[in-house]
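S.K.: I'd like to ask some things about the structure below.
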Amino acid sequence: MKIAVLSRNPRLYSTRRLVEAGVERGHEMVVVDTLRAYMNIASHHPQIHYRGKPLEGFDAVIPRIGASVTFYGCAVLRQFEMMGVYPLNESVAIARSRDKLRSLQLLSRRGLGLPVTGFAHSPDDIPDLIQMVNGAPLVIKVLEGTQGIGVVLCETTKAAESVIEAFMGLKQNIMVQEYIKEAGGADIRCFVVGDKVIAAMKRQAKPGEFRSNLHRGGTASLIKITPEERVTAIRAAKVMGLSVAGVDILRSHHGPLVMEVNSSPGLEGIEETTGKNVASIIIEHLEKNSGPNMIRTKGKG
Ligand code: ADP
Numbered sequence: 008m009k010i011a012v013l014s015r016n017p018r019l020y021s022t023r024r025l026v027e028a029g030v031e032r033g034h035e036m037v038v039v040d041t042l043r044a045y046m047n048i049a050s051h052h053p054q055i056h057y058r059g060k061p062l063e064g065f066d067a068v069i070p071r072i073g074a075s076v077t078f079y080g081c082a083v084l085r086q087f088e089m090m091g092v093y094p095l096n097e098s099v100a101i102a103r104s105r106d107k108l109r110s111l112q113l114l115s116r117r118g119l120g121l122p123v124t125g126f127a128h129s130p131d132d133i134p135d136l137i138q139m140v141n142g143a144p145l146v147i148k149v150l151e152g153t154q155g156i157g158v159v160l161c162e163t164t165k166a167a168e169s170v171i172e173a174f175m176g177l178k179q180n181i182m183v184q185e186y187i188k189e190a191g192g193a194d195i196r197c198f199v200v201g202d203k204v205i206a207a208m209k210r211q212a213k214p215g216e217f218r219s220n221l222h223r224g225g226t227a228s229l230i231k232i233t234p235e236e237r238v239t240a241i242r243a244a245k246v247m248g249l250s251v252a253g254v255d256i257l258r259s260h261h262g263p264l265v266m267e268v269n270s271s272p273g274l275e276g277i278e279e280t281t282g283k284n285v286a287s288i289i290i291e292h293l294e295k296n297s298g299p300n301m302i303r304t305k306g307k308g
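Residues in the sequence shown are numbered from 8 upward in steps of one, following this note's numbering.
Rendered as structure tokens:
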């Protein structure tokens, strides 16, 4: 197959590994810089141009779209879909997953376990909002944050009120969430490909920190997940419409709670921790599932 990897930088670990795995399995792999692809929209024959030439003959595309280029990246991916090129994850699903609040609403609609979460606009509603999530301690999250930045733990109601007021004053969209203390500063990253969890790792926050992000000094280790956690991760990816997803789960007293579903999960931490060839499993998935008739939305979303 001829496979495009939409990525800003061919040297990034995940991009490099996907190219390597594709070549090993006999495919032609082409890295396309997301922001340098441009397109002809008003045409019966949709096209993408790249460095002065049309991109042609692709069977599949692997989107590795960073949070900061979601808008443009999804437009490029949609164009690939209109051209009949099979996407590993579809543009509508990626756009959906990038809105944390929308994602939680979709997951809750399907009955998946989530931390109790509230969202409000007016400072007048802060006291009741705090009550809705069962009071302090609670976690406040900036909706557009990544890598743990903009995630704050408030130990007391007074602190929570001030922090929420401050964010609202700065016109930042935030959500307020029940703090899952029993998770003990750890979460579980389940790597879903198709209808399987193909690898899982536990991320533990450094001492004195509750955020387990590796970027915040967290450490990763192997973990055996329970059947309930496995089913939860697979269902979460399915609800979001993602074939490949990193589903982050907190272990709580009332079962696994989904914290986030990531549509471009990194390969470095999970491959190093589990020793699994995740990149190769992703390419195999494309081999089995790709085809112009396999695209659900074809850019319609
Ligand atoms: P980001 O998308 O910026 O990584 P997350 O929502 O994943 O933000 O939060 C970062 C980390 O903070 C998580 O990996 C988890 O360890 C911790 N965390 C987030 N929400 C909660 C919560 N409600 N209860 C306990 N810990 C949490």
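Ideal placement from N, C-alpha and C gives every residue a C-beta, glycine not left out. Remember, it's a predicted structure, so these values are computed and weren't measured experimentally.
So Leu145 is in the beta strand (DSSP E); what residue range does that whole segment cover?
M.R.: Leu145 to Val149
S.K.: If you draw a straight line from the alpha carbon of Gly29 to that of Glu168, how long is it in whole angstroms?
M.R.: Approximately 51 Å, taken between the alpha carbons.
S.K.: Just reading off the alpha helix (DSSP H) that Lys165 is part of, what are its end residues?
M.R.: Thr164 to Gly176
S.K.: Assess, as a yes-or-no matter, whether the region 293 to 306 is touched by the region 215 to 231 under the definition of 3 or more beta carbon pairs within less than 8 Å.
M.R.: no
S.K.: Is Gly152 close to the ligand ADP? I mean its beta-carbon at under 6 Å from any heavy atom of the ligand.
M.R.: The ligand ADP has a heavy atom closer than 6 Å to the beta-carbon of Gly152.
S.K.: Who pairs with Phe198 in a beta bridge, going by DSSP?
M.R.: Ala206 and Gly253
S.K.: Who are the near neighbours of Met46 in its chain, counting only those whose CB is closer than 8 Å to its CB and skipping five residues on each side?
M.R.: Pro53, Gln54, Ile55, His56, Ala82, Val83 and Gln86
S.K.: Would you mind stating whether Met266 and Asp255 have Cβ atoms separated by less than 7 Å?
M.R.: yes
S.K.: Could you work out which residue in Ile101, Met90, Pro94 and Lys178 is closest to Pro130 when comparing CA atoms only?
M.R.: Lys178
S.K.: Give every residue of the same chain whose Cβ lies closer than 7 Å to the Cβ of Met301, excluding the five residues on either side of it in the sequence, and list them in chain order.
M.R.: Tyr93
S.K.: Determine the direct distance from the alpha carbon of Gly91 to that of Leu62, and round the result to whole angstroms.
M.R.: Each residue's alpha carbon lies about 13 Å from the other.
S.K.: Cutting at 6 Å between CB atoms, please list the residues of its own chain near Thr77, excluding the five before and the five after it.
M.R.: Arg105
S.K.: My output table needs one value for Arg258: the three-state DSSP class, helix, strand or coil.
M.R.: strand
S.K.: Take the Cβ of Lys107 as the centre, count every other Cβ of all protein chains shown within 10 Å, and call the residue buried at 16 or more, exposed below.
M.R.: buried
S.K.: Quick check on Lys231: buried or exposed, where buried means 16 or more other Cβ atoms within 10 Å of its Cβ?
M.R.: exposed
S.K.: Given the structure, does Asp194 come close to the ligand ADP, in the sense that its CB is under 6 Å from one of the ligand's heavy atoms?
M.R.: At least one heavy atom of the ligand ADP lies less than 6 Å from the C-beta of Asp194.
S.K.: Is it right to say Pro122 is buried, meaning 16 or more other beta carbons lie within 10 angstroms of its own, or is it exposed?
M.R.: Using a 10 angstroms sphere on the CB of Pro122, the tally of other CB atoms reaches 16 or more, which defines it as buried.
S.K.: Taking a contact to mean a Cβ-Cβ separation below 7 Å, would you say Leu145 touches Val183 in this structure?
M.R.: yes
S.K.: With DSSP run on the structure shown, which of helix, strand or coil describes Ile48?
M.R.: coil
S.K.: Taking 7 Å as the threshold (C-beta atoms), are Ala240 and Val285 in contact?
M.R.: no
S.K.: Indicate the three-state DSSP secondary structure (helix, strand or coil) for Ala127 in the structure shown.
M.R.: coil
S.K.: Specify the secondary structure class of Leu13 as computed by DSSP and reduced to three states.
M.R.: strand
S.K.: In the DSSP assignment, find the alpha helix (DSSP H) that holds Thr77 and state where it starts and stops.
M.R.: Counting along the chain, Thr77 sits inside the alpha helix (DSSP H) bounded by residues Thr77 to Met89.
S.K.: Go ahead and pull the three-state DSSP assignment for Pro134.
M.R.: helix
S.K.: Since Ile72 and Ile101 are thought to touch, with beta carbons under 8 Å apart, how far apart are those beta carbons, to the nearest angstrom?
M.R.: 6 Å
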